[in-house]
Every structure is written in C-alpha cells, then in structure tokens.
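Chemist: Take the sequence shown: its position 279, counting from 1, is numbered 279 in UniProt numbering, and each next residue is one higher. Even glycine gets a Cβ: it sits at the ideal position worked out from N, Cα and C. The structure is given below, and queries will be raised subsequently.
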Amino acid sequence: MSEDSSDSSDSSYSSDAVLHYDEYQDYKDLTPLPLPEQIPGFFEIKYTDDYKQLFGYFFALYTKQEYSQRALNLCNKVISKFCLHYSAWQYKQRILEHIDFDVKEVQREVETLIKSDTKIYQAWTFYEWLIDRQKEPLDPMPLLENVFRQEPKNFHAWSFVIWYAKRWNNPEPLYQLALYHIDLDARNNSAWSARMTLSEMLNKDPAAEFEDAVKSIREIPRNESVRNYLLGLCEKYPEFVPKLVEIANELKEKDPTNPASYRLLLHKATLDKNQEMINELCDNLIKYDGIRANYYNLLKAGTIQYM
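Here you go:
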C-alpha cells in the first residue's frame, strides 16, 4: 500500500452527495440501477430524484465490484450523506484493499466523521481496519481525547481503546487514560471496564487494584461502576471475597438502604449456595433497588443465578 496518491483530494468526503454534471463524465459508461421496488403500504418512502441518481450509480458500481478511484469517490459521497450506510463502508474497504491511497488522508477523513458523530459504529470498525493494516501504529490519542471530551463513556471509543492496546501491545498509556477518566468521574463504567482488561494485560497487582476500588467505593458508596469492578475482581481472585464481605458490611452499617452493600453480599451468598441468605438479600434489594425488582424475584425463584 502506498501513502501517496495521484489525487488525494478526490477521495475526500463531499458535503454534497448529489452527482454534478462534470461528474457524469466519470460514470457515463454506467447504466444506473433502479432502486428495489417497495411493497405498497402506508409507509412507502418517496425517494427524491437526486437520491435515485446517487444510488443508481452506486449500486451499478457495487454490483460490478469495481475497485477504482471513481468507485471510491462515490462511496465517499454516499457516506457523506448517509453515514450509516453499511454497504458503502464495506465497499470502500474493499476498494482500498485493491488500490493505492494516502493513508493519512483517509485517517483524517474518518476521524473528522467520528468527531462529528461519535456513535457511528461503521466508522469505528473502518478505523480499526485502517490502523490494523499499518506496519507502524497510527496515533489515536488526539481522536480519543476529542471523543471523550464530548462523551466520556462512549462505548465505541472504549472498545477501540481495548482493541488498540491488544493490537499494538501497548496498554500502558491507555491504562493511564482509563485512570484519568475514572479520576474525572468515578462513575464512568466504561473506563472501569477498560481498566479491568488493561490492568490484566499489564499484570498489575490485583491486590492494589482491589484496594484502590475499595477506596473509591468508600468515597461514593452507591457507585455501581466500582461495585461491578470489585465483583469482577472477586470472580477472578476468590481470595478477595472475605475482604469484599467486610467492605459490604461496612457500607451497610453506614447506610442500610444502600443497594451496593447487598449486591456485594449477594456474591458471597451465591458462592455459598445459601438460598436463605439469597432470599433475604433479594428482599432488601427489592425494597431499596425497586427498579430491578423483577430480576431479584427471578433470583429468589432460582430461575436465574447471580453469577
């Protein structure tokens, strides 16, 4: 793959998805395909002529699976107007597997799109593909910092963090990123989840991780994110369970209405297969965490297990 292109500007996203007269010359050998007929009904979609034109040419090329600059240009036009269009992203990826392109330019394009809408999973998937193909890692930190300023718990971004750490075997800066966002907001469940994976990759001392989480839940006793982190550590390291019970009782003594204390104790009762204790804890959880009452009733009935 080359990082040079004869005309990298041709591959950039257009703000106008409609084909213009001068662009017809690039597609004059094609016969636009008609859009699939809709089943008549109340919700029939009235496509504009511009829409029919754009997708007529797009599907003409897509059907041929032509891998060319003009096909790439058309994919970018579709994505600029309909950024969730899966076929356009898929086709674009296939095209780039067959032609030379400017990696930095394509990186800028997809990062710009992600910054404008952080939840486009197709763009994140494409971004992973682009980075995965490189011999040296592209720096994702400016993008991640931008996304997390907008949405610190963004699922796609934190999933990418874990993927990137595994792909390039460089988890330390991303672990520090997770710690930073936990420090900003201890309820950031996505950051805690990433921390779990990254700490394992780095062989961090699980006892130190546990103690840090204990410190956090003492500061914010009803924090579900750190509660789940503690439970996750105890599942991996059963030797922490006695300490977990101690912390749970401490939380319950300070605030008998705190659901977190009962959820932590429920872990121990489940390990012990103590149904009587499970029922008692669930009764308290139904009282203090009513939004999940159905879940706790299923636990009492034995229909599901807590772990």
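(1) Mind checking whether E27 and R70 have CB atoms under 8 Å apart?
(2) To the nearest angstrom, how far is the alpha carbon of D50 from that of F82?
(3) Using beta-carbon positions only, say whether L281 and Y262 come within less than 8 Å of one another.
(4) Hey, out of R222, C234, L198 and A194, whose CA is closest to A207's CA?
(5) List the whole-angstrom C-beta distance separating P152 from L184, where the pair is believed to meet the contact cut-off of C-beta under 8 Å.
(6) For a test of the three-state rule: what should DSSP assign to D255, helix, strand or coil?
(7) Could you check what DSSP says for S68 in three-state terms: helix, strand or coil?
(8) Determine whether the beta carbon atoms of Y57 and P32 lie at a separation below 8 Å.
(9) On a CA-only basis, which of K287, A301, Y295 and A293 is nearest E276? Give me that one, please.
(10) Do you know how far the Cα of H267 is from the Cα of V110?
(11) Answer with buried or exposed for D102, where buried requires no fewer than 16 other C-beta atoms within 10 angstroms of its C-beta.
(12) If we call anything under 8 Å between Cβ atoms a contact, is L138 one with Q107?
(13) Quick one: Cα of S2 to Cα of L84, how far?
(14) Look at the alpha carbon of T118 and the alpha carbon of L144, and state the distance between them as a whole number of angstroms.
(15) Could you tell me whether the Cβ atoms of R227 and A260 are closer together than 8 Å?
(16) DSSP three-state label for L33, please.
(17) In terms of residues, what are the limits of the alpha helix (DSSP H) holding K215?
(18) If you check the beta carbons only, do Q53 and I45 fall under 8 Å apart?
(19) I need the boundaries of the alpha helix (DSSP H) containing R167, first residue and last residue.
(20) I'd like the list of long-range same chain contacts for S11, defined as Cβ closer than 8 Å, with 5 residues on each side in sequence excluded.
(21) If distances are taken between C-alpha atoms only, which option among P140, Q305 and I247 comes closest to I114?
(22) Which of the three DSSP states is assigned to R133 in this structure?
(23) Considering Cα atoms alone, identify which of D255, D272, I304 and Q305 is closest to N284.
(24) Can you round the beta-carbon distance between E128 and F160 to whole angstroms, since I take them to be within the 8 Å contact cut?
(25) I'd like the list of long-range same chain contacts for P40, defined as Cβ closer than 6 Å, with 5 residues on each side in sequence excluded.
(26) Helix, strand or coil: which one does DSSP assign to Y237?
(27) Using CA coordinates, which residue listed in N258, F210, E219 and K215 is at the minimum distance from K287?
Modeler: Considering the structure as presented:
(1) Note on identity: in this sequence residue 27 is Tyr, with Glu being the wrong assignment. Closer than 8 Å, so yes.
(2) 13 Å
(3) yes
(4) C234
(5) 7 Å
(6) coil
(7) coil
(8) yes
(9) A301
(10) 43 Å
(11) buried
(12) yes
(13) Residue confidence for S2 is low, a pLDDT of 38 falling below 50, so the modelled location carries little weight and cannot support an answer.
(14) 10 Å
(15) yes
(16) coil
(17) P206 to E219
(18) no
(19) F155 to W168
(20) Note that S11 scores a pLDDT of 40, beneath 50, so its modelled location is shaky and nothing firm can be said.
(21) P140
(22) coil
(23) D255
(24) 7 Å
(25) none
(26) coil
(27) N258
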